[in-house]
Amino acid sequence: MNSVLGTFLAILFAISSAAGRPTNEVKSIHEQTVKDTSKEIAAYSNIAMDIINLAVNGNAQNRSYNRLAEFVDSIGNRISGSGNLDQAIKYMYSALKENGLENVHLEPVKVPHWVRGQESAVMLEPRNHTIAILGLGSSVGTPPEGITAEVLVVQSFDELHQRAQEAKGKIVVFNEQFVSYGETVKYREFGASEAAKVGAVASLIRSVTPFSINSPHTGQQDYQADVIKIPAACITIEDAEMMARMARRNIRIVLHLMMGAQTYPDALSYNTVAEIVGSQFPKQVSVIPIQELNSSSHV
0 MNSVLGTFLA ILFAISSAAG RPTNEVKSIH EQTVKDTSKE IAAYSNIAMD
50 IINLAVNGNA QNRSYNRLAE FVDSIGNRIS GSGNLDQAIK YMYSALKENG
100 LENVHLEPVK VPHWVRGQES AVMLEPRNHT IAILGLGSSV GTPPEGITAE
150 VLVVQSFDEL HQRAQEAKGK IVVFNEQFVS YGETVKYREF GASEAAKVGA
200 VASLIRSVTP FSINSPHTGQ QDYQADVIKI PAACITIEDA EMMARMARRN
250 IRIVLHLMMG AQTYPDALSY NTVAEIVGSQ FPKQVSVIPI QELNSSSHV
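Each residue of the sequence shown is one higher than the one before, starting from 0 at the first, in this note's numbering.
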């Protein structure tokens with residue numbers, strides 16, 4: 000482990016040292032670093048195979064799956080600031096202690112506390128149809144009576160800006176096509192603020208996923224500073240495509256949206272920390288961050 004870490008640092012040093020050098024020299028340094036790293040990795044192949052065989056065929060077979068299943072079955076969703084997350088932290092703390100890890104402890108930290116609340120969306124025109132939605136993390140809610148407005152369907156931010164005059168007072172539906180998660184997630188993150196800039200009253204985002212079984216896929220969104228905050232939720236691929244087809248036929252679409260989302264002051268939570276003390280170099284430390292014990296409120 001310490002040797003691998005040293006190799007990683009050597010790579011960083013080689014990259015920084017190569018800055019400003021001729022292209023051929025940089026290429027030579029890169030090729031040598033790749034060779035050295037490949038050789039270093041190959042030296043651990045037997046150890047890696049032992050671990051793989053233990054997990055796939057040995058005593059640890061299915062252990063990770065069974066532990067994860069027990070964890071999620073017992074606790075459920077674990078959104079930041081919730082009681083379920085508190086239970087998850089206690090569960091993990093006890094599990095780490097029981098499994099013999101050293102220096103297991105909790106470090107207090109303040110975390111966001113957002114509550115989804117009751118939510119619904121119904122198509123009123125051209126026909127009555129219930130729209131499956133999930134509010135996006137940190138979204139504001141609607142007024143208690145909800146929002147009733149006509150829909151503007153767009154495929155991209157560029158189309159939204161081109162049709163800005165049509166967006167005022169409407170619910171903008173983003174029917175963006177999935178390219179990759181990294182490329183497409185920008186609509187979930189910034190769709191509400193982009194829609195608000197052109198006067199929209201709410202934003203609905205086609206779920207950022209390539210597949211759907213009429214299931215909305217939620218996640219976090221971010222409001223831009225100095226832009227009015229409007230409600231934001233995700234909808235299914237099926238409903239986004241349906242409204243896009245209606246829009247292409249110039250059919251008027253009207254939705255009623257109700258979201259009870261609220262943001263409360265930051266809540267007290269904890270980072271869970273544990274150590275595996277090295278047998279050969281117990282004083283040396285390699286930090287491995289394992290993140291997100293929390294989850295969405297509908298996982």
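The C-beta atom is built at its ideal place from N, Cα and C for all residues, glycine as well.
Between the stretch 266-273 and the stretch 220-232 there are fewer than three inter-stretch CB-CB distances shorter than 8 Å, so the stretches are not counted as touching.
Note on Glu-188: 16 or more other CB atoms within 10 angstroms of its CB, so buried under the neighbour-count rule. Pairing Lys-169 with Glu-149 gives a Cβ-Cβ distance under 7 Å. In the displayed model, Ile-146 falls within a strand according to three-state DSSP. According to DSSP, Ile-170 shares a beta bridge with Val-150 and Ala-201. Asn-249 sits away from Arg-205, with the two beta carbons spaced by 7 Å or more. In the structure shown, the three-state DSSP call for Tyr-90 is helix. Counting along the chain, the unbroken beta strand (DSSP E) around Asp-265 starts and ends at 261-274. For Glu-124, the enclosing beta strand (DSSP E) stretches over residues 118-124. One Cα belongs to Lys-282, the other to Tyr-90, and the distance between them is close to 29 Å. With 16 or more neighbouring CB atoms inside 10 Å of its own CB, Tyr-186 falls in the buried class.
In this structure, the alpha-carbon of Asn-76 lies about 20 Å from that of Ser-211.
Glu-193 sits buried, since 16 or more C-beta atoms from the chains shown fall within 10 Å of its C-beta.
DSSP places Ala-194 within a helical segment (H, G or I) once states are collapsed to three. Its chain contains Ala-131, Thr-235 and Glu-237 as the residues whose beta carbon lies nearer than 7 Å to that of Asn-213, once the 5 sequence neighbours on both sides are disregarded; these appear in chain order. Under DSSP, the beta-bridge partners assigned to Lys-109 are Leu-267.
Of all alpha-carbon atoms in Arg-244, Met-48, Lys-38 and Val-139, the one lying nearest the alpha-carbon of Tyr-263 is that of Val-139. Taking all protein chains in view, the Cβ of Glu-118 is crowded by 16 or more other Cβ atoms within 10 Å, so the residue is classified as buried. Inclusion of His-255 and Thr-141 in the CB contact set at 7 Å is not warranted, their separation being larger than that value. For Ala-54, the enclosing alpha helix (DSSP H) stretches over residues 44-55. Sequence-distant partners of Thr-129 (beyond 5 residues in either direction) whose C-beta falls short of 7 Å from its own C-beta, in its chain, are Val-121.
For Ile-234, the enclosing beta strand (DSSP E) has its first and last residue at 231-234.
According to DSSP, residue pairing for Glu-240 in a beta bridge does not occur.
Rounded to whole angstroms, the gap between the alpha carbons of Asn-58 and Tyr-64 is 13 Å. In the displayed model, Thr-129 falls within a strand according to three-state DSSP.
Here DSSP, grouped into helix, strand and coil, assigns His-216 to coil.
By the criterion of a C-beta distance shorter than 6 Å, Thr-208 is surrounded in its chain by His-216, once the five residues flanking it on both sides are discounted.
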